[in-house]
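Engineer:
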Amino acid sequence: MPHEVSKNVGMLLFFDKGKANFVISILEINSKIELSVNYAEPKYTWEEFSVLADNSAEQEAKDTVAQLESNYCSLNSYADTGNHERIHNGTLLNKLEFETKYTGDGDLLFRYSTLLSNSFRTRNVMSRLGGVVRTMSNLDTEPMEYDEIPMAISAFYGVSSATSGNIPNLLLAQEDSSLFRVMNLRVLDDAKSENGILCARLRGEQADGNELTLSIGKNDHLIREIEIVTDASNRSKTTYNPKINIEISPEEMAFRLPSDL
Numbered sequence: 002m003p004h005e006v007s008k009n010v011g012m013l014l015f016f017d018k019g020k021a022n023f024v025i026s027i028l029e030i031n032s033k034i035e036l037s038v039n040y041a042e043p044k045y046t047w048e049e050f051s052v053l054a055d056n057s058a059e060q061e062a063k064d065t066v067a068q069l070e071s072n073y074c075s076l077n078s079y080a081d082t083g084n085h086e087r088i089h090n091g092t093l094l095n096k097l098e099f100e101t102k103y104t105g106d107g108d109l110l111f112r113y114s115t116l117l118s119n120s121f122r123t124r125n126v127m128s129r130l131g132g133v134v135r136t137m138s139n140l141d142t143e144p145m146e147y148d149e150i151p152m153a154i155s156a157f158y159g160v161s162s163a164t165s166g167n168i169p170n171l172l173l174a175q176e177d178s179s180l181f182r183v184m185n186l187r188v189l190d191d192a193k194s195e196n197g198i199l200c201a202r203l204r205g206e207q208a209d210g211n212e213l214t215l216s217i218g219k220n221d222h223l224i225r226e227i228e229i230v231t232d233a234s235n236r237s238k239t240t241y242n243p244k245i246n247i248e249i250s251p252e253e254m255a256f257r258l259p260s261d262l
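In the numbering used here, the protein residues as written are 2 to 262.
1. How should N89 be labelled, buried or exposed, when 16 other C-beta atoms within 10 angstroms of its C-beta is the threshold for buried?
2. Does the distance from the C-beta atom of I229 to that of S237 stay below 8 Å?
3. Expressed to the nearest angstrom, what Euclidean distance is found between the alpha-carbon atoms of A201 and D191?
4. Nearest to G210 by alpha carbon, out of R204, H222 and T231?
5. Just the C-alpha distance for E98 and S234, rounded to the nearest angstrom, thanks.
6. Assign E206 to one of three DSSP states: helix, strand, or coil.
7. Does DSSP put D1 in a helix, in a strand, or in coil?
8. If we ignore side chains and look at the alpha-carbon of each, how far apart do N242 and R124 end up?
9. Over the uninterrupted beta strand (DSSP E) stretch that includes H242, give me the two end residues.
10. Short of 6 Å in beta carbon distance, which residues of its chain neighbour L223, apart from the five on each side in sequence? Order them along the chain.
11. Taking just the CA atoms, how far does D81 sit from R122?
12. Looking at the structure shown, is E86 part of a helix, part of a strand, or coil, going by DSSP?
13. For G131, which option in I198, R87, L140 and L110 has the closest C-alpha, if you only look at C-alpha atoms?
14. Can you tell me where the beta strand (DSSP E) with A192 in it begins and where it stops?
15. Near E253, which residues of its chain fall below 7 Å by C-beta distance, leaving aside the five closest residues on each side in sequence?
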């Protein structure tokens, strides 16, 4: 006989006099949907079950984040390009373009370029190369050095905490990422990112009350999008195009300001 492959894909609870007394499990067996009915003595009220369901959803979100953290700090190399947009009432206020490169020996390079409202373009670079931590912009006459990478990352938070902090912190297994200060994190329905990648989605609230939605690739467990909604009129969105475990040359890791990314 062929091996039977089954998984539970959902369940229906029926409540009698406020208590659940039988369950219909929805099973997928060898790609076919079947129902399994289980009768039981009343156990939970609807209110009690709702609390259990909420706790289960919160735990699922926590497990997803834990897997995300483990994935990033175990990569041999990482590279991405992306952009960060700020939008007010449907109008694009500014757009920032960035790139990240990371090697398994701990070297990190992050560069970004943005066009301000006065048509002046700023260019910035942050790196940890051979243990030397530096930042520089096209407004500086010389690089600024830091004792530790978290200080340099914090200096870049003016870009956007969702852009400049999270990926370096994940890659370097730092504990200061704004991503993990999100409260009431919960799982949403899967959806495709802008570039067509099927993603798991998590949503929660930041300490300032802003709503954050995180899209994580279902197959590679890499961040694809971070969207922050401040209010009905204002939101920002960061989109990532990552590649992992690829060869990165010393020339690519050179400390220099970005051209147009």
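No residue lacks a Cβ here, since even glycine has one placed at the ideal position from N, Cα and C. Values in this document were obtained by computation on a predicted structure and should not be read as measured data.
Structural biologist: Per the coordinate set shown:
1. On the sequence shown, residue 89 is found 88 positions in, with the first residue counted as 1. Sequence check: residue 89 is His here, not Asn. Exposed, since its Cβ has fewer than 16 Cβ neighbours within 10 Å.
2. Numbered from its first residue, the sequence shown carries residue 229 at position 228. Numbered from its first residue, the sequence shown carries residue 237 at position 236. Closer than 8 Å, so yes.
3. In the sequence shown, the residue the question calls residue 201 occupies position 200. In the sequence shown, the residue the question calls residue 191 occupies position 190. A straight-line Cα-Cα distance of about 5 Å links A201 and D191.
4. To locate residue 210, count along the sequence shown from 1; it is residue 209. Ranked by Cα distance from G210, the first of R204, H222 and T231 is T231.
5. Residue numbering aside, residue 98 sits at position 97 when the sequence shown is read from its first letter. Residue numbering aside, residue 234 sits at position 233 when the sequence shown is read from its first letter. One C-alpha to the other measures close to 23 Å.
6. If you number the sequence shown from 1, residue 206 lands on position 205. Strand.
7. Coverage of the chain is limited to positions 2 through 262, which leaves residue 1 absent and any answer about it impossible.
8. Counted from its first residue, the sequence shown places residue 242 at position 241. Counted from its first residue, the sequence shown places residue 124 at position 123. Distance from the CA atom of N242 to the CA atom of R124, rounded to whole angstroms, is 20 Å.
9. The residue labelled residue 242 in the question sits at position 241 within the sequence shown. The question names His, yet the displayed sequence has Asn at residue 242. That run of the beta strand (DSSP E) goes N235 to I245.
10. The count along the sequence shown starts at 1 and reaches residue 223 at position 222. Hits under 6 Å: P243.
11. Counting from 1 along the sequence shown, the entry for residue 122 is found at position 121. Counting from 1 along the sequence shown, the entry for residue 81 is found at position 80. Approximately 21 Å between the Cα atoms of the pair.
12. In the sequence shown, residue 86 corresponds to position 85, counting from 1. Here E86 sits in strand by DSSP.
13. Your numbering for residue 131 matches position 130 in the sequence shown. Ranking I198, R87, L140 and L110 by Cα distance to G131 puts L110 first.
14. In the sequence shown, counting from the first residue as 1, residue 192 sits at position 191. From DSSP, the beta strand (DSSP E) with A192 extends over M184 to K193.
15. Within the sequence shown, the letter at position 252 stands for residue 253. Sequence-distant partners of E253 (beyond 5 residues in either direction) whose C-beta falls short of 7 Å from its own C-beta, in its chain, are K102.
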